[in-house]
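So the sequence lines, in the order shown, correspond to chains C and W. FYI, the numbering for the first sequence is 153 to 286, going by this note's numbering. FYI, the numbering for the second sequence is 153 to 286, going by this note's numbering. Here a beta-carbon is modelled for each residue, glycine too, at the ideal position from N, C-alpha and C.
Protein chains: 2
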Amino acid sequence: MSNWIDNIVWDEDGLLPVIVQDSISKRVVMFAWMNRISLEQSLAHKKAVYWSRSRNKLWVKGEESGNYQLIEDIHLDCDYDVLLLTIRQEGGISCHTGREGCFFNRINMHTNEIEINDKVIRDPNDMYEKKNDK
Amino acid sequence: MSNWIDNIVWDEDGLLPVIVQDSISKRVVMFAWMNRISLEQSLAHKKAVYWSRSRNKLWVKGEESGNYQLIEDIHLDCDYDVLLLTIRQEGGISCHTGREGCFFNRINMHTNEIEINDKVIRDPNDMYEKKNDK
Chain C
153 MSNWIDNIVW
163 DEDGLLPVIV
173 QDSISKRVVM
183 FAWMNRISLE
193 QSLAHKKAVY
203 WSRSRNKLWV
213 KGEESGNYQL
223 IEDIHLDCDY
233 DVLLLTIRQE
243 GGISCHTGRE
253 GCFFNRINMH
263 TNEIEINDKV
273 IRDPNDMYEK
283 KNDK
Chain W
153 MSNWIDNIVW
163 DEDGLLPVIV
173 QDSISKRVVM
183 FAWMNRISLE
193 QSLAHKKAVY
203 WSRSRNKLWV
213 KGEESGNYQL
223 IEDIHLDCDY
233 DVLLLTIRQE
243 GGISCHTGRE
253 GCFFNRINMH
263 TNEIEINDKV
273 IRDPNDMYEK
283 KNDK
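Following this line, the structure appears as structure tokens:
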């Protein structure tokens, strides 16, 4: 593996923040974390693999829902401590709520209220039961 | 201040990751952190104010370079623990290296080498000396 990975500045937990942008809509659809193993697996398969901090384990994005993220481009920031993934989103759904992306809570800066304009494309119950049906 | 801020899930250091996207180019230009005070100041002035973890103090983006970030839109993610700012970038430069954004290190997935295609728009030495000249 090349030395750009060796030069990454991991945080104190050995993790790297990852911003995920859809290559077609250009929307920022997700934010997640990677450790070195998940980054190497992501590169090997050209599919996003994250480190789940809540479950404390590798998380192949899409392994339950089928909504894999195919990696088209990778950029590292000026400080070598944040990654930007440009992806093609299978199923068109990045968020576990069944929406295109996770940033659907828009702050109305006049009223200070949250507005949700993004539609639920697929019922999450349906999305995550799929695997068990097989 | 409305209760959406009260519902934010801050990390153990009282911080929130913030993704910054340019409203015109749609590029992700920066990644930074906010604490509650910096968020409230950002909302009050509609200009991005971050928490600098390296300097351990409030950081009015642009206070030295003049490259303020005018906030056009704010989105909170599904878990209420990540913010997406859509901004208009004064001076067209978000990165301290003098480039449009910080994610200029493109990984060539064939060669595993880093390629830098983003031009330096303005010499950082010139950019940060400006204030002292006044």
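Contact with chain C by residue i, beta-carbon distance below 8 angstroms
i, result
"Gln221 (chain W)", "no"
"Trp211 (chain W)", "no"
"Pro169 (chain W)", "yes"
"Asp163 (chain W)", "no"
"Lys271 (chain W)", "no"
"Arg258 (chain W)", "yes"
"Ile226 (chain W)", "yes"
"Ile266 (chain W)", "yes"
Residue environment, residue i, which counts as buried when at least 16 other CB atoms sit within 10 Å
i, result
"Met182 (chain C)", "buried"
"Asp275 (chain W)", "exposed"
"Asn277 (chain C)", "exposed"
"Ile239 (chain W)", "buried"
"Ala184 (chain C)", "buried"
"Met153 (chain C)", "For Met153 (chain C), the pLDDT reaches just 48, beneath the cut-off of 50, and the residue's location in the model is therefore unreliable, although a value from the coordinates is still provided. Exposed, since its Cβ has fewer than 16 Cβ neighbours within 10 Å."
"Asp270 (chain W)", "buried"
"Thr249 (chain C)", "buried"
8 angstroms contact criterion, which residue i and residue j should meet: CB distance rounded
i, j, result
"Ile273 (chain W)", "Glu252 (chain W)", "7 angstroms"
"Asn257 (chain C)", "Leu228 (chain W)", "4 angstroms"
"Ile245 (chain C)", "Leu235 (chain C)", "Contact doesn't hold; Cβ gap of about 22 angstroms is too wide."
"Gln173 (chain C)", "Val180 (chain W)", "6 angstroms"
"Tyr220 (chain W)", "Lys209 (chain W)", "The Cβ separation is near 18 angstroms, so there is no contact."
C-beta neighbour in chain W for residue i, strict 8 angstroms
i, result
"Ile245 (chain C)", "no"
"Leu236 (chain C)", "yes"
"Gln241 (chain C)", "no"
"His262 (chain C)", "no"
"Asp229 (chain C)", "yes"
"Ile176 (chain C)", "no"
"Asp285 (chain C)", "In this prediction, Asp285 (chain C) has a pLDDT of 43, which is less than 50 and means its spatial position is unreliable; what the coordinates show is noted afterwards. Not closer than 8 angstroms to any Cβ of chain W, the Cβ of Asp285 (chain C) fails to qualify, so no."
Cβ neighbours of residue i in the same chain (closer than 7 angstroms, five flanking residues each side left out)
i, result
"Lys198 (chain C)", "Leu222, Ile223"
"Tyr280 (chain W)", "Glu216, Ser217"
Where residue i meets chain A, residues with beta-carbon distance less than 9 angstroms
i, result
"Asn277 (chain W)", "No chain A is part of this structure, whose protein chains are labelled C and W."
Close beta carbons around residue i, own chain, < 8 angstroms, minus the five adjacent residues each side
i, result
"Trp162 (chain C)", "Leu168, Asn187, Arg188, Asp233"
"Ile268 (chain C)", "Phe256, Asn257, Arg258"
6 angstroms CB neighbourhood of residue i in its chain, flanking five on each side removed
i, result
"Gln193 (chain C)", "Val201"
"Cys254 (chain W)", "Met182, Cys247"
"Trp211 (chain C)", "Tyr202, Ser204"
"Glu265 (chain C)", "none"
"Asn260 (chain C)", "Glu267"
- Item | Members of the stretch 184-211 of chain C that neighbour chain W once the beta carbon cut-off is set at 9 angstroms | Leu195, Lys198
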